[in-house]
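Input: a single structure, listed below in structure tokens.
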Amino acid sequence: MMSVFVPERDESYDAMELIEQPLYLRFHEQTLRLYCSLAAQGNQKVAHILCRHVDEQQLLYMLSCENSAGPLRNGFYDLLIAIHLDTHATAMEGTSREYVVPLTKALHNKKNILDELDDGYPVILGPCFGLKPQVAYSDVKDK
8 MMSVFVPERD ESYDAMELIE QPLYLRFHEQ TLRLYCSLAA QGNQKVAHIL
58 CRHVDEQQLL YMLSCENSAG PLRNGFYDLL IAIHLDTHAT AMEGTSREYV
108 VPLTKALHNK KNILDELDDG YPVILGPCFG LKPQVAYSDV KDK
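Numbering-wise, the working numbering comes out as the position in the sequence shown, counting from 1, plus 7.
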């Protein structure tokens with residue numbers, strides 16, 4: 008069960024009951040939107056802090072629950088994308104068209120690259136290094 012605490016009234020509501028409380032549902036939806044905005048543009052420090060605040064269990068619970076409210080579910084999906092996926096997608100897009108730059112004397116030879124292919128991209132026959140980013144996840148560590 009995931010609950011939302013309202014300090015002004017000293018009450019807690021189950022996240023599934025938020026659909027019956029439109030004021031609190033809208034507040035929670037706007038809070039999730041704020042979190043997405045804070046983590047935008049690759050702000051990794053804020054995204055890491057938000058991972059401590061909205062942990063993996065909360066995120067997966069709200070995404071997998073069929074009875075969660077629509078705005079709340081959309082907010083958690085947007086938060087998942089903003090914190091975990093957007094930075095990697097942007098990095099992949101930036102390196103989507105890599106160029107072949109000969110770094111060694113062996114690659115200067117024209118016989119190391121095949122130009123006859125129909126797809127328009129040369130194939131390197133020798134050793135090569137890619138610049139594409141790899142996704143690496145680690146656990147959130149407390150200070």
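For each residue, glycine too, the CB sits at the ideal point set by N, CA and C.
Pairing Ser10 with Asp21 gives a Cβ-Cβ distance under 8 Å.
When C-beta atoms of the stretch 77-94 are compared with those of the stretch 35-47, three or more pairs fall below 8 Å, so the two segments count as touching.
A distance of 8 Å or more separates the beta carbons of Tyr84 and Leu67. The residue from Ala143, Gly82, Cys58 and Ala47 with its alpha-carbon nearest to that of His35 is Gly82.
Secondary structure note for Ser71: its alpha helix (DSSP H) is the uninterrupted segment Glu63 to Ser71. Nearest to Thr97 by alpha-carbon distance, out of Gly49, Val61 and Glu27, is Gly49. Counted as a single uninterrupted DSSP element, the alpha helix (DSSP H) harbouring Glu100 occupies residues Asp93 to Gly101. In this structure, the alpha-carbon of Val53 lies about 14 Å from that of Asp93. Just measuring C-alpha positions, the residue of His95, Ser75 and Gln28 sitting nearest Val142 is His95.
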